[in-house]
Amino acid sequence: MFVDRVRLHANAGNGGRGAVSFLREKFVPKGGPDGGDGGKGGDVVLIVDPQLNNLIDLRYRPHARARHGGSGSGKQCTGRGGEDCVLKVPPGTVVYPLPPGEAGDPLVDLTHPGEKFVLCHGGRGGRGNSRFATSTRQTPRHAEDGRPGEAGEFILILKSIAQVGLVGLPNAGKSSLLAAFSAARPKIASYPFTTLAPYIGVVGSPEETRFTLADIPGLIEGANEGKGLGHDFLRHIERCSVLLLVIDTAGVDGRNPAEDYRLLRKELRLHDAALGKRPFLVAANKSDLPESAKNLAALRSAARRAIFPISAKSGEGLPALLDAIRKSLPA
Ligand SMILES: Nc1nc2c(ncn2[C@@H]2O[C@H](COP(=O)(O)OP(=O)(O)OP(=O)(O)O)[C@@H](O)[C@H]2O)c(=O)[nH]1
Ligand SMILES: [Mg+2]
């Protein structure tokens, strides 16, 4: 299961209690106060793990609690610090507070591998009685409680990070293209909505300039009104610097490729105006099938831009497309 949205309740640990204690030693009739401070409560920390690609681990652990700090003790001993609760999240995890802030802004957008964010801070430990001794008050008999740890509710939303995003109608051949370009082995089949969750593959050998390519479910007319699988999954290509529109030029499902082009442009715009303005390339797929030749001219005039005739099946046109993708990526 692919989970890209979770609600999380987090509790940092409370600080430990400070100690009330007095030094008792042979031959020292009146030892001074020596109660140590309580330990700090553990934090709830998010850390970006590049091995993860979705939030499923948190789905089954919706309540994150860090440990409380230990109490202080005599001889100025500070209580032990509470253990942090560390949660791993995939790159591209955006954290929102609940209830949402005024502007609806996220608390943090975690993108870099290894990046850390303290979601809830543990409480400070209470001071022990030794801290309250003054010249006029040499036997303080009180200490502080630890401070409570922060707590809160949050929504974590994954907006995957890929440089290039594949967009197309169901069955256009998006997953076939990802498979042709990378080592990824997505499910490919001749029925619509084969791909149900986004998948990100890496294109290029280590010696070449590599880039990440996101394959997402197929988009249909009215997706922005919830038709098909809706358009929520488009958020996984919102951060792409380039989009690659994949069109079935042979019209295998009885569709008109020029219309498909217009429909894709429209659905992208309706999802997010910024996505409608994102640089994009157009791949005219299934050029191995005879029907594609006659549809290509109409697609060209609808798009009024360079079109790359390709076949994800035979490999035809793929090197030229790959070259164009690389050139379109920001340096
Ligand atoms: N002849 C031919 N068939 C292709 C080509 N590319 C893909 N196909 C076929 O088209 C069908 C759909 O391919 P997929 O790669 O699953 O398409 P998709 O766009 O990922 O589809 P969804 O995941 O359902 O949105 C499969 O039967 C593929 O074998 C191509 O270049 N030529
Ligand atoms: Mg697919």
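In terms of the working numbering, the sequence shown opens at residue 865 and continues consecutively.
Glycine residues also receive a C-beta, built at the ideal position from the N, C-alpha and C atoms.
- The set of residues with any CB-heavy atom separation to ligand 1 below 6 angstroms comprises, in chain order, Gly-1032, Pro-1034, Asn-1035, Ala-1036, Gly-1037, Lys-1038, Ser-1039, Ser-1040, Ile-1052, Ala-1053, Ser-1054, Pro-1056, Phe-1057, Thr-1058, Thr-1059, Pro-1081, Gly-1082, Asn-1149, Lys-1150, Asp-1152, Leu-1153, Ser-1175, Ala-1176 and Lys-1177.
- Annotated three-state conformation of His-1006 is coil, per DSSP.
- Annotation for Glu-1017: His-873 and Leu-962 place their beta carbon closer than 6 angstroms to its own, counting only its chain and skipping 5 residues before and after.
- For Ala-1147, the enclosing beta strand (DSSP E) covers residues 1144-1149.
- Counting the other Cβ atoms within 10 Å of the Cβ of Phe-1045 gives 16 or more, which makes it buried.
- Secondary structure at Ser-937: strand, using DSSP grouped into helix, strand and coil.
- In the structure shown, the three-state DSSP call for Tyr-1063 is strand.
- By the Cβ criterion, the segment 1018-1032 is in contact with the segment 944-963, since at least three pairs of Cβ atoms, one from each stretch, lie closer than 8 angstroms.
- Ranked by Cα distance from Ile-920, the options Ala-1061, His-932 and Lys-894 are led by Ala-1061.
- Just so you know, the alpha carbons of Val-892 and Gly-903 end up roughly 29 angstroms apart.
- The C-alpha of Glu-1131 lies about 24 angstroms from the C-alpha of Ser-1156.
- If you look at Gly-1016, you'll find it in the beta strand (DSSP E) that goes 1015-1022.
- The segment 1087-1106 makes no contact with the segment 1035-1052, as fewer than three CB pairs between them are under 8 angstroms.
- For a cut-off of 8 angstroms, the C-beta gap from Leu-1033 to Arg-923 is around 30 angstroms, too long to register as a contact.
- Gly-877 is positioned such that its CB atom lies closer than 8 angstroms to that of Gly-986.
- In this structure, the straight-line span from the alpha carbon of Lys-890 to that of Ser-994 is close to 20 angstroms.
- Around the beta carbon of Asp-1112, 16 or more other beta carbons sit within 10 angstroms, so the residue counts as buried.
- Non-local beta-carbon contacts of Leu-1127 in its own chain, meaning distances under 7 angstroms to residues more than five positions away in sequence, involve Glu-1085 in chain order.
- The count of Cβ pairs closer than 8 angstroms, one atom from the segment 925-934 and one from the segment 966-977, stays below three, leaving the stretches out of contact.
- For Pro-1121, the uninterrupted alpha helix (DSSP H) segment begins and ends at 1121-1135.
- For Ala-1188, the uninterrupted alpha helix (DSSP H) run begins and ends at 1182-1192, by DSSP.
- Look at the beta carbons and you see the segment 1072-1089 not touching the segment 1157-1170: under three pairs across the two are nearer than 8 angstroms.
- By the neighbour-count criterion, in which a residue is buried when 16 or more other Cβ atoms sit within 10 angstroms of its Cβ, Ser-1175 is buried.
- Look at Lys-1141 here: in three-state DSSP terms it is coil, with no helix or strand label.
- Secondary structure of Glu-1102 (DSSP, three-state): coil.
- Relative to the non-hydrogen atoms of ligand 2, the Cβ of Pro-1012 never comes closer than 7 angstroms to any of them.
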